[in-house]
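These notes are about the structure you will find just below.
Number of protein chains: 2
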Amino acid sequence: MTDNRLSISIAQINCSVGDLSANTASIIKAIRRAQESVEDIVIFPELALCGYPPEDLLLRKAFLKDCKSKLEEIKLKTKGITAIVGFPELAEDGSIYNSAALLSDGELAGIYRKVELPNYGVFDEKRYFKSGSNPLVFEAAGKRCAVSICEDVWIENSNLDLWVKEHNVDLVFNLSASPFYAGKANQRRGVMQKFAKRNNCFIVHSNLIGAQDELVFCGGSLVCNSKGDIVAAASQFSEEDLVVQIQGDVVSAEIVPPMDYLEEIYQALLIGTKDYVTKNGIKKVVLGLSGGIDSALVLAIAVDAFGSKNVIAVSMPSQYSSDGTKNDAKKMALQLGVKFYELPIIDIFKTTLNVLSEPLGGGQPGVEQENLQARIRGAMLMTLSNKHGWLLLTTGNKSEMAVGYCTLYGDMNGGFAVIKDVPKTLVFELSRYCNKRANKEIIPESIIDRPPSAELRPDQKDEDSLPPYEILDKILEDYVEKDMNPSEIVIDGVEHETIVNMVRLVDRAEFKRFQSPPGVKITPKAFGRDRRMPIHNSYKPS
Amino acid sequence: MTDNRLSISIAQINCSVGDLSANTASIIKAIRRAQESVEDIVIFPELALCGYPPEDLLLRKAFLKDCKSKLEEIKLKTKGITAIVGFPELAEDGSIYNSAALLSDGELAGIYRKVELPNYGVFDEKRYFKSGSNPLVFEAAGKRCAVSICEDVWIENSNLDLWVKEHNVDLVFNLSASPFYAGKANQRRGVMQKFAKRNNCFIVHSNLIGAQDELVFCGGSLVCNSKGDIVAAASQFSEEDLVVQIQGDVVSAEIVPPMDYLEEIYQALLIGTKDYVTKNGIKKVVLGLSGGIDSALVLAIAVDAFGSKNVIAVSMPSQYSSDGTKNDAKKMALQLGVKFYELPIIDIFKTTLNVLSEPLGGGQPGVEQENLQARIRGAMLMTLSNKHGWLLLTTGNKSEMAVGYCTLYGDMNGGFAVIKDVPKTLVFELSRYCNKRANKEIIPESIIDRPPSAELRPDQKDEDSLPPYEILDKILEDYVEKDMNPSEIVIDGVEHETIVNMVRLVDRAEFKRFQSPPGVKITPKAFGRDRRMPIHNSYKPS
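Sequence order for the protein chains is R and Y.
Numbering follows the working numbering, with no gaps: position 126 of the first sequence is 126.
With the second sequence counted from 1, adding 542 to any position gets you the working numbering.
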């Protein structure tokens, strides 16, 4: 390396899928800011031009051509600076690449095409993209620089590792859109450090922030020096220009410390919900507030995301609702200052049963009556949603979604399921954390302390039908996230039969999850695109 | 080629995803039958052992090990014959292959690993499988034979084409699970003929029959000679052993002619519905019968699939229902001999509006009241479904699913959406065809002739809000199936504004489709896994 100073801005921006005009404007603004603040380079996240992931929009040639003309616009705005911009590239032979354009002083100086295309978990990149096969190496302030995209730096002994060696690269730029789950930011830091160390070079990693449908991108862009030390780090969950000056081995930049575990999850739920609602052009949200802990946590997040004047809470008690839950719902709504309605369902319930009396044909009331209560509530909330343009937030958690302890077209109704990937034990942790971080009672202690119940029949408790949530969540982690067979799951003090029964419930609820609303992914394996199970599935594990 | 006679059985079987024991039993039975009927070889469909597509079951090591032990069982049953069996292979290095085992006289004689892995449309094979890199060539009755799997023969100038040449192969076995859409069987025959001609060899193609979730496999297994003539062809949509004797250029076998266009679609809807319901262990189905054409067609299919005693039809009229539709619903149910209920929704509707009066806040009744009627009906049907274990069939068509002319948690409720991929114009064609093929009135003519209406407000007609269905369906075909931008869609006599408006409706209904039930794919691009669009999508085509 020479002693020239290299100055870089990492533009950690929030892109909007498909909104080429808004993304282009946001990229051009960041270039302008960089033209003021740094001498050399401004780097953007992966596919910043079209947002990530664009999915089947990529199959439309006209979309790709529109991307190309936007890139031309951006190119003309790079006077005196170099911008590295992620975009989907339609090549002359009709192939599509996940590419980065090197735009320098008004010219296209080169294109890098992503080599390692993830096609696991939530990723479908091989559905769209062809792998690139060439390095892009250039010089800046006397340093030899290479460009890479996301996955390229996650794989050891890849082409990139070879190219860095072959071309004596000093610094690798990495454009990323790395979907969040709890612990991922830490893992990502480790990957970048390892890359820098094994290749004995700097890495400048730019990560997207914001949310798209079920995915959250947490930012936390960073720079590692060639020893693998983190020498610059941006904030998480907010837009930022991270300005970095590199001279020899000395780096001058801010280093924002990583967030705590619960704060990171809380922020992911917050931005995931906020971006989904606002990017879809909606201003207000409504939810059913039962007095239970799940809807309480969702209400707390909604008020934080949209402000109390944009949140409407509806309590819909039945004859099975206790005074405790009814009062707690009202208390919480009043404390937070949200609009609150209490609308008993008993008349609708009775009228419906009356109309259905002949085909129901008597007999003991069963699960159909429990589900009917949930469906009446779901229809009421949707009627308000349709009338006023409020988006209905679904309040179910991951544990109940897993075992099907929820009603399709009832409490599963909604445009966005805020905590669908949050296991029940974590719902408790986050609820306590909500109060702690606010340093006041957001969620009444009585809600947190009450044993969970769906209140759909007299004296019902969740633990009548399910093992304690500490145990259920452990089973679910092994079965859902680790793809273990029941025979491989061993938990102290838990009978094998319990495990087998819970696994069977998970399999049987696949049809419900198929029709569930989207929600924020916060675990390594969320239900949805991350876990593609057949609905009809006759596999009986040995 | 020698003049030895090669005798083959193509076992066109219906496999069940995950049901390793049942599939193994079915494979062993077919081997036994082949031991009686042919001398040499019995060939099965792709992944016959585990069913197709097994999706994320493949990520469970224990599942793959269970498959391996079932393959061992089958191997021992191949005395005096060769069986070519599709199975998912867990290799020693942990890689997974889409493989075919050559089991000969009780021994494993070789394994072929699929090379060309489809990862477009409904396919995710690169999510799971590694590509094979070796041919499997063996001799049978003096002929040099090679094994291939599905996509391998669809690609020109592939490794397989090279291997056939290099090894002077006379005959290629092809194990397939080729998902159906209208016209696919014809296309598939063409692909096989082309393969045979260009490689100057026989092809013996075994295709799966039956349905799994949204996919139907239509059978139609076949043999082409080296000139590309079809010299053997099995039936479509039913299990069959196609026995083929090849001696020199002379082939002795049956040739079942291809089905007509409408019959093929009808059979796909029938087997798709039947397999989904019965493979999930359900015996009876219920549906809302409005007196409109969509629910009439679904009722006709349901009665054909399950028999009239296993189908329950429920008419749920409101104040907006005409006498015509009410009478037609009743008439059709009586004619078909299904259990029929008429349950007016007016009391529930009024009671619900009364409970909601404060938060609804007056004003003109709007779409919220239309949707509420649909949701009351949906909740009633689900209550009956839950009480009696009947699966609720959804009756919406593709055109209304496309533009969102349907109510989430209302008429979209159901376990299976029989005609969700059938455009409205085709609903009319199929309805007329139902009567024609039965040679009697299954669907009353008055239903077919009445202008479509949702009957959710006074004097409502579909064409008040939408262009005529002939035009709408043409727009949808261009936009949805052909991925054209609105500016590229030109239809005689249709204003550009209409096209833009319809495209906007399609984009805006993505959130509804995300929560829609599964249903039979019958077009080249169905909504669902076949078309993976972002829900939040701000793309405004240029």
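Glycine is no exception: its CB is placed at the ideal position from the N, C-alpha and C atoms.
Within 8 Å, strictly: CB atoms of residue i and residue j
i                 : j                : result
Gly814 (chain Y)  : Ser538 (chain R) : no
Asn728 (chain Y)  : Pro799 (chain Y) : no
Leu829 (chain Y)  : Leu935 (chain Y) : yes
Val427 (chain R)  : Leu297 (chain R) : yes
Tyr951 (chain Y)  : Met382 (chain R) : yes
Arg1050 (chain Y) : Gly946 (chain Y) : yes
Lys656 (chain Y)  : Asn676 (chain Y) : no
Val793 (chain Y)  : Val785 (chain Y) : no
Glu368 (chain R)  : Asn822 (chain Y) : no
Asp783 (chain Y)  : Ala921 (chain Y) : no
Asn14 (chain R)   : Leu49 (chain R)  : no
Run of the alpha helix (DSSP H) containing residue i, from where it starts to where it stops
i                 : result
Ser803 (chain Y)  : The sequence given here has Tyr at residue 803 (chain Y), not Ser. Looking at the DSSP string, the run of the alpha helix (DSSP H) that includes Tyr803 (chain Y) is 803 to 821.
Thr867 (chain Y)  : 865 to 878
Cys948 (chain Y)  : Cys948 (chain Y) -> no alpha helix (DSSP H), and no H or E assigned at all.
Tyr670 (chain Y)  : 667 to 670
Ile448 (chain R)  : 445 to 449
Ser973 (chain Y)  : 966 to 980
Gly583 (chain R)  : There is no way to answer for residue 583 (chain R), as the model of chain R reaches only from 1 to 542.
Lys1054 (chain Y) : 1052 to 1056
Residue i - containing beta strand (DSSP E), residue span
i                : result
Gln915 (chain Y) : Segment 909 to 930 is the alpha helix (DSSP H) holding Gln915 (chain Y); no beta strand (DSSP E) there.
Leu175 (chain R) : 171 to 176
His709 (chain Y) : Premise fails: His709 (chain Y) is in no beta strand (DSSP E) and is neither H nor E.
Tyr341 (chain R) : 339 to 342
Cβ shell of residue i (< 8 Å), same chain only, five flanking positions each side left out
i                 : result
Met1026 (chain Y) : Asp1020
Glu510 (chain R)  : Met533, Pro534, Ile535, Asn537
Phe217 (chain R)  : Pro45, Tyr52, Ala177, Ser178, Pro179, Phe180, Asn207, Leu208, Ile209, Gly210, Ala211
His709 (chain Y)  : Pro677, Val679, Arg686, Ala688
DSSP-derived helix/strand/coil call for residue i
i                : result
Asn14 (chain R)  : strand
Asp241 (chain R) : strand
Ser899 (chain Y) : helix
Asn565 (chain Y) : helix
Lys607 (chain Y) : helix
Arg529 (chain R) : coil
Gly307 (chain R) : coil
Cys687 (chain Y) : strand
Asn640 (chain Y) : strand
Gln247 (chain R) : strand
Val256 (chain R) : coil
Ala774 (chain Y) : strand
His205 (chain R) : strand
Cutoff 7 Å; reference residue i; Cβ partners in own chain excluding five residues on either side
i                 : result
Leu713 (chain Y)  : Lys685, Cys687, Cys743, Phe744, Val746
Lys1082 (chain Y) : none
Phe349 (chain R)  : Ser318, Leu372, Gln373, Ile376
Thr620 (chain Y)  : Ile573, Leu645, Ser646, Asp647, Gly648
Residue nearest to residue i in terms of C-alpha spacing, selected from the options
i                : options                                  : result
Met874 (chain Y) : Y:Lys1003, Y:Glu805, Y:Val1022, Y:Ser973 : Y:Ser973
Lys816 (chain Y) : Y:Ala959, Y:Ala590, Y:Asn977, Y:Val627   : Y:Ala959
Val338 (chain R) : R:Ala313, R:Leu360, R:Lys326             : R:Ala313
Val169 (chain R) : R:Lys130, R:Gly219, R:Asn225             : R:Asn225
Asp449 (chain R) : R:Glu55, R:Ala62, R:Asp328               : R:Asp328
Glu631 (chain Y) : Y:Lys603, Y:Ser832, Y:Glu983             : Y:Lys603
Ser995 (chain Y) : Y:Glu971, Y:Glu1030, Y:Glu912            : Y:Glu912
Asp473 (chain R) : R:Lys126, R:Glu264, R:Thr523             : R:Thr523
Glu615 (chain Y) : Y:Pro596, Y:Ile583, Y:Ala776, Y:Ala643   : Y:Ala643
Ser780 (chain Y) : Y:Ala980, Y:Asp771, Y:Val765, Y:Ala810   : Y:Ala810
Other residues of its chain near residue i: CB distance less than 6 Å, five sequence neighbours each side excluded
i                : result
Asn939 (chain Y) : Asp836, Ile961, Val964, Lys966, Val969
Glu400 (chain R) : Cys406
Ala795 (chain Y) : Ala774, Val786
Phe715 (chain Y) : Ile585, Ile626, Val689, Val746
Leu20 (chain R)  : Asp66, Lys70
Neighbour flag for residue i against chain C, beta carbons, 8 Å
i                : result
His536 (chain R) : Looking for chain C here will not work: the only protein chains present are R and Y.
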